[in-house]
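Chains as they are written, first to last, in this note's numbering: chain Z, 1069 to 1485; chain V, 8 to 379.
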Amino acid sequence: MPAICRDCLSDTPGPGRCRHCASPRVLRHDELLDLSVAHMDCDAFYASVEKRDHPHLADQPLIVGGGKRGVVSTCCYIARIKGVRSAMPMFKALELCPEAVVVPGRMDVYSGVSKQIRAMMEELTPSVQPISLDEAFLDLGGTQRLHGAPPVVLLARLAKRIEDELRITISVGLSHNKFLAKIASDMDKPRGFSVIGKAETMDFLRDQPVGMLWGVGAAMRGRLERDGIRTIADLRRYAEDDLFRKYGSMGAHVWRLAHGIDVRRIQARDPVKSISNERTFNEDIGDLDTLDGHLWRLSLKVSDRAKAASLAGSTVNLKLKTCDFKLVSRQVRLAEGTQLTDEIYAAARPLLERELSKGPFRLLGVGLSHLAEYSGSDAAPDLLDPDAPRRRAAERASDAIRDRFGSDAILKGRALR
Amino acid sequence: MKVSIERSALLKAMSRAQSVVERRNTIPILANVLIEAEGADISFRATDLDIEVVDKTAAMVEQAGSTTVAAGMLHDIVRKLPDGSTVQLNADAATGRMEIRAGRSHFSLATLPREDFPVMASSEYDTNFTAKASLLHRLFDKAKFAISTEETRYYLNGIYLHSATAPGGQMLRAVATDGHRLACIDTELPDGADAIPGVIVPRKTVTEVLKLLTDDDAQIDVSVSETKIRFATPDIILTSKVIDGSFPDYTRVIPQQNQKRMEVDAKEFAAAVNLVSTVSSERSRAVKLSIDEDRLILSVNAPDSGAADHELAVAYADEKLEIGFNAKYLLEIASQVDRENAVFLFNSSGDPTLMREGNDDSAIYVVMPMRV
């Protein structure tokens, strides 16, 4: 079975402790050399940075947080023994662990350290997808020839390097997709390294609670539990179509995850997925004419941002919040991508009319999604809408005027409603 | 219910039922087919709430009755059974299962109560007429390609069937458009169809109806109301809701004054379009037509991938013209022509172009040019 010593990085550590450095931190797994999707997560990141910079805090329980909202943002592992957790209100944390040292966060420092770590990751692969300051996915597929070592060696070397150079410990999860890599990194924290291979995926997932699945929060867990589904094994008793029928697209999603299938790719930079703008009113509005004015202004803002970023979107979304806080969300797909106010508004208006009876509303939002690079030309001429080119030209011309003389230089009468 | 039926007859009925049933839906009963046996017939009814198809076929009914089972699963089972076998369906109300026996195979399927199955309410039809299958087939088949998939203009997601006045008299007309191209197909108005209300037949219905129209000489009973359309053969009844919306006034879109006439062999033309568009980029598949006395040059210029041109002999006697089109639209239109040459009538490079087969005005196509 392939193995590697995480301390001396030898690939022939032998059975038991490493035969070269006597370290117990030997990783053994049948698929050790074949897996390439990794999730790296810093251990109690903010607290670790504080302890590194203030060595006298090293053996004391430490909480980073406080400030306006008065919650724990990170706590060190000593504080965790007492039951302190992130996002816990500070007074409760101090009840559990009165001897804890509380320091306010230094975000600029953490973000500096995060950048150093990211730079080290990017030396290994261009496919680094940061999730937050302290965690990232890495796709090391196809890098073996370049680095002359399999992904697992690169990752062990990187974890050791981060520890040596930055004095921050990190936990690594290695698997064959993102969902499992993320679970793995959490299995053996802190300073961990866990592997979930293809062969063991199904067995590993079987007895786990459904809440472990990515995207299954308290609400979904509740629905599943009412139907007697608690573990992933329970989920697997259903066919994909049955789950789809019961829970919609979320059902199909959890079915795939329950079978260890996750086809999401690791994207170096998450592209902008949607542009949206919303407005909460001082008083609830139920009148179409008044809403229409807001709809136009919101469409205009979305359009301005799309134009500035040179993007065009082919789905228009409408968001409404009723006076009793119910969220209504509707969308419509366009034949071709657009960035024009006129077209965004024209698509959103019928959606609003259809939902009007649910009003009055406290919030109205307009969004544009399924974005792509703007091709430089607007939609092809339309037999049924011969005036469209003139309206588009008018909008482009008024954009040019607004660019030069300010965004209020020229407005449609509709915008003043 | 206890019935014996020949496998091929069962397969035919189940294929029809299965294609109407939405594979993925959130209402369990809609995945089922309603099977009813009475007298010497067995009928299979499937619906997606917009379309309902009932297929009646002869069977040995030992015991009348009815039940519903998963359409997709029954279809798959029958499909895999050996050809020529006799299938026995036996629904037992006590167990809530339907047993299927064929040769040495045995299946037991879960059922749902027939009372839960939504049967489409029968309604009054304003117009009833009978038409030959070949005639209806031509109407739908030739217009189908132009149906829009756009969600914003949902009223374009079907074929507008209505009666219209043409130079040759009253016609039964099918029109479809997505704003970029339009198909307008005429056929003689069948007896009794003169008062037909204009209805928009949804895309899925068009697909299902075309499957009914395989036998050219068959007579199809068509019934139309403001909200529904029904097609019936002796064995099959397909009822569909029509799209609730008004179809735009398409007549002003059909150019009347286009003078520049080009005649070209449709097959050669389609092949040439297909050939040169190979180098165009996926997004803007524009083909430029440069037409000069009896000569047509098709060209594509895609800055990032390459360029191509191809010359064709055509009949054209007007002034020189350059005009661009989406390659896909040109191909689809050219492939509608099956007997004579394609005749294109142009006005200018910015105006809609008309295409028809020879001088036959009973099928005309309009396509919007694009800038090249």
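Glycine included, each C-beta is placed from N, C-alpha and C at the ideal position.
Item	Value
CB contact flag (proline 1129/Z, isoleucine 1146/Z, <9 Å)	yes
With 16 other Cβ atoms within 10 Å as the buried cut-off, status of leucine 1484/Z	exposed
Bridge-paired residues (DSSP) for alanine 1090/Z	Alanine 1090/Z pairs with nothing; no bridge assigned.
Contact the segment 1458-1466 of chain Z vs the segment 55-69 of chain V: 3+ CB pairs below 8 Å	no
Coil, strand or helix - lysine 327/V by DSSP	coil
Test item: CB-CB of lysine 63/V and serine 50/V under 9 Å	yes
CA-to-CA distance, lysine 1480/Z to tyrosine 161/V, given in whole angstroms	28 Å
Contact set between glutamate 275/V and chain Z, taken where Cβ atoms lie within less than 8 Å	By Cβ distance, chain Z contributes nothing, its closest Cβ being about 26 Å from glutamate 275/V, past 8 Å.
Residue from Gly176/V, Thr360/V, Ile298/V, Glu275/V with nearest C-alpha to glutamine 264/V	Thr360/V
Beta-carbon proximity check, glutamate 275/V vs isoleucine 298/V, cutoff 9 Å	no
Chain V contacts made by the segment 1437-1462 of chain Z, where a contact means CB separation under 8 Å	Ser1443, Ser1445, Ala1448, Pro1449, Asp1450, Leu1451, Leu1452, Asp1453
Close beta carbons around aspartate 1357/Z, own chain, < 8 Å, minus the five adjacent residues each side	Arg1485
CA-to-CA distance, glycine 1427/Z to aspartate 1233/Z, given in whole angstroms	Checking the sequence, you will find glutamate at residue 1233/Z rather than aspartate. Rounded to whole angstroms, glutamate 1233/Z to glycine 1427/Z spans 59 Å at the Cα level.
Beta-carbon contacts of alanine 277/V that lie in its chain and below 7 Å, excluding the five residues immediately before and after	Leu338, Ala341, Ser342
Residues of its chain near isoleucine 1199/Z, where Cβ-Cβ distance is below 8 Å and the 5 sequence neighbours each way are ignored	Phe1205
Cα-Cα separation, alanine 1320/Z to serine 1141/Z	34 Å
Distance between phenylalanine 332/V and glutamate 157/V (C-alpha atoms, nearest Å)	20 Å
Valine 126/V, enclosing alpha helix (DSSP H) - first and last residue	From DSSP, valine 126/V is part of no alpha helix (DSSP H); its letter is neither H nor E.
Under 7 Å (Cβ pairs) to chain V, residues found in the segment 1402-1434 of chain Z	Leu1402, Ala1403, Ala1415
Leucine 196/V beta carbon less than 9 Å from that of serine 170/V	yes
Outcome for glutamine 1407/Z when other beta-carbon atoms lying within 10 angstroms are tallied against a minimum of 16	buried
Cβ pair serine 15/V, glycine 91/V closer than 9 Å	yes
Tryptophan 1323/Z vs glutamate 1346/Z beta-carbon contact at 9 Å	no
Neighbouring residues, chain Z, relative to arginine 108/V (Cβ below 7 Å)	The contacting residues do not exist; arginine 108/V stays about 25 Å from chain Z at best.
9 Å Cβ cutoff, valine 1400/Z in contact with chain V	yes
Sub-9 Å separation of threonine 221/V and serine 247/V beta-carbons	no
Neighbouring residues, chain Z, relative to proline 209/V (Cβ below 8 Å)	Simply none; closest approach about 17 Å.
Valine 271/V beta carbon less than 9 Å from that of phenylalanine 351/V	yes
Close-in-space but distant-in-sequence residues of the same chain around isoleucine 1469/Z (CB under 8 Å, 5 per side omitted)	Ala1477, Ile1478
Within 7 Å of chain V by C-beta, residues of the segment 1283-1315 of chain Z in sequence order	Asp1309, Phe1312, Arg1313
Closest Cα partner of histidine 1327/Z within the set Thr1299/Z, Thr1348/Z, Gln1335/Z	Thr1299/Z
Residue range of the alpha helix (DSSP H) that includes histidine 113/V	Element bounds for histidine 113/V: not the alpha helix (DSSP H) but the beta strand (DSSP E), 112-119.
Any C-beta of chain Z under 9 Å from that of arginine 30/V	yes
Under the three-state DSSP convention, the category asparagine 281/V falls into	helix
Residues, ordered as in the chain, of the segment 145-179 of chain V that lie near chain Z by beta-carbon distance below 7 Å	Glu157, Glu158, Thr159
Backbone CA spacing between valine 1181/Z and glutamate 1190/Z [nearest angstrom]	14 Å
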